[in-house]
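J.: Per my numbering, the sequence shown starts with residue 247, numbered consecutively.
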Amino acid sequence: MTSTPSPNSVSYSYLGPAGTFTEAALKQVPDAVGAHWKSVNNVGEALDDVTSGRSVAAMIAIENSIEGGVSATQDALTTVPNLRIIGEYLVPVNFVLVTRPGKTLADVKIVNAHPVAYAQTRRWLDANLPSHGHVPASSNVAAAATLLDTEQADAAVAPPGITEHYDLEVVASEIGNNQNAVTRFVLVTSHAALPEPTGADKTSIIVELPDDAPGRLLEMLEQFATRGVNMSLIESRPIGDSLGRYRFVIDLEGHILDERVADALLGLKRFSPNVIFLGSYPRADKLATTVTPRYGNDVFVEARDWLRALTTSEPTATTNASAMPSSEPSAPAQ
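1. Is it buried or exposed, Ala567, if we count other Cβ atoms within 10 angstroms and call 16 or more buried?
2. What does the alpha-carbon distance come out to for the pair Pro578 and Thr558?
3. DSSP three-state call for Leu261: helix, strand or coil?
4. Exposed or buried, what is Trp552 when buried is set at 16 or more other beta-carbons lying within 10 Å of its beta-carbon?
5. On a Cα-Cα basis, can you pick out the residue from Glu269, Val256 and Asn426 that is closest to Glu313?
6. Which residue or residues does DSSP assign as beta-bridge partners of Ser526?
7. Are the CB atoms of Glu465 and Arg493 nearer to each other than 7 Å?
8. Which residues in the same chain as Ser255 place their Cβ atom closer than 8 Å to its Cβ, once the five residues preceding and following it in sequence are excluded?
9. Is the beta carbon of His360 closer than 7 Å to that of Ala389?
10. Thr409: which of Pro347, Thr325 and Pro276 sits nearest, CA to CA?
11. With a threshold of 7 Å on Cβ separation, who are the neighbours of Pro443 within its own chain once the five nearest residues in sequence on each side are excluded?
12. Evaluate the contact criterion for the segment 379-389 versus the segment 259-266: three or more CB pairs, one atom per stretch, below 8 Å.
13. Does the distance from the C-beta atom of His378 to that of Val344 stay below 7 Å?
14. If you draw a straight line from the C-alpha of Val417 to the C-alpha of Thr392, how long is it?
15. Thinking just about the alpha-carbon of each residue, which of Asp294, Gly445 and Asp321 is nearest to the one in Asp531?
16. On the three-pair Cβ rule with 8 Å, is the segment 292-310 touching the segment 322-339?
17. Does Asn386 come out as helix, strand or coil in the three-state DSSP assignment?
18. To the nearest whole angstrom, what separates the beta carbons of Pro528 and Pro406, a pair I think is in contact under 8 Å?
19. In chain order, what are the residue ranges of uninterrupted beta strand (DSSP E) at least 3 long that sit wholly in the segment 304-343?
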């Protein structure tokens, strides 16, 4: 997958090397089958590949069900212009403990693990290796690969399937603290056509508050509440220019071509000094968005048609007559 591409090949960037959860997410993309896959070291490099044209798209992690939003991804999407999310993909996250061939669980004294993976497996490690030490690794795959290069650690916390890429042995499986953990990935491209609405969509945006005056957050949330738009994610990130200044990373249920979502975005644009539209795309879980009838597309269309009629129609004779003051004197009060 990471061989040198031919001049006419299509490339997709992902956080590698082979065997990562990001690679597992990219395997879910039909258009990526048969393409060249370019392994990169971080989100910034992946997005730079996209904006420079070296890759048509990049797969990056954006949210974890245990750790929440991936701040490096959220911040990168804020600062890199002209990006569009065109799809999301869910990957179950669990871990195995691997050793060099011939070693057993009883031989493990030092564990190599990425800090996030270590936190997500700490309960199992403490219960089964109560006196173990921890050596941080730069990635989940690097933790495993290091076992073959040095004897700094006896075992590594790694993704399932790591033995397909490295000559290692699994001494324990499903060691994650939470067996239902999931990481959400997004496929990001540049200047892409907007995917058509499917009825099971998300819209991702980043919104800045105009200032830190009382009630500003409520004003922002009202743009969604008054239009029946549900949020599936809202996280704050510091803008960085001064204390107390924040932007919000938000996922909305629905598509920008849905009337209620479009109207909410118009309201946000009037309210916020900076609204970044990251894209509307099909949900990975395919769950259809439930819309209250009063917020259906036809309601917004009818309201707009009603207003247009008020401003374009000629007043009727009846309307004129009822609006004119009477020339007859008022009858005296009895």
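Idealized CB from N, CA, C, for every residue including glycine.
T.: With the given structure in hand:
1. Confidence at Ala567 is low in this model, with a pLDDT of 43, below 50, so the placement of that residue is unreliable and no value is reported for it.
2. Reliability fails at Pro578, whose pLDDT of 44 lies under 50, so the model's placement of it is uncertain and the value that follows must be treated cautiously. Between Pro578 and Thr558, the C-alpha separation is close to 41 Å.
3. Leu261 falls in the strand class under three-state DSSP.
4. Under this definition Trp552 is an exposed residue.
5. The candidate whose alpha carbon is nearest that of Glu313 is Asn426.
6. According to DSSP, Ser526 bridges with Thr449.
7. Not closer than 7 Å, so no.
8. Scanning its chain for C-beta atoms nearer than 8 Å, with the 5 sequence neighbours on each side dropped, one finds around Ser255 the residues Ala281 and His282, in chain order.
9. In this structure, His360 lies closer than 7 Å to Ala389 by Cβ.
10. For the options Pro347, Thr325 and Pro276, the alpha carbon positioned closest to that of Thr409 is the one of Pro347.
11. The beta carbon of Pro443 sits closer than 7 Å to the beta carbons of His501, Leu503 and Asp504 from its chain, once the five residues preceding and following it are set aside; these are given in chain order.
12. Three or more Cβ pairs closer than 8 Å define a contact, and the segment 379-389 meets that threshold against the segment 259-266.
13. No; because the gap between Cβ atoms is not below 7 Å, this pair is not in contact.
14. Approximately 17 Å between the Cα atoms of the pair.
15. Among Asp294, Gly445 and Asp321, the Cα nearest to that of Asp531 is on Gly445.
16. With the cut-off at 8 Å, the segment 292-310 and the segment 322-339 touch.
17. Look at Asn386 here: in three-state DSSP terms it is helix.
18. Rounded to the nearest angstrom, the Cβ distance from Pro528 to Pro406 is 26 Å, too far for a contact under 8 Å.
19. For the segment 304-343, the full-length beta strand (DSSP E) segments reaching 3 residues or more read 329-338 along the chain.
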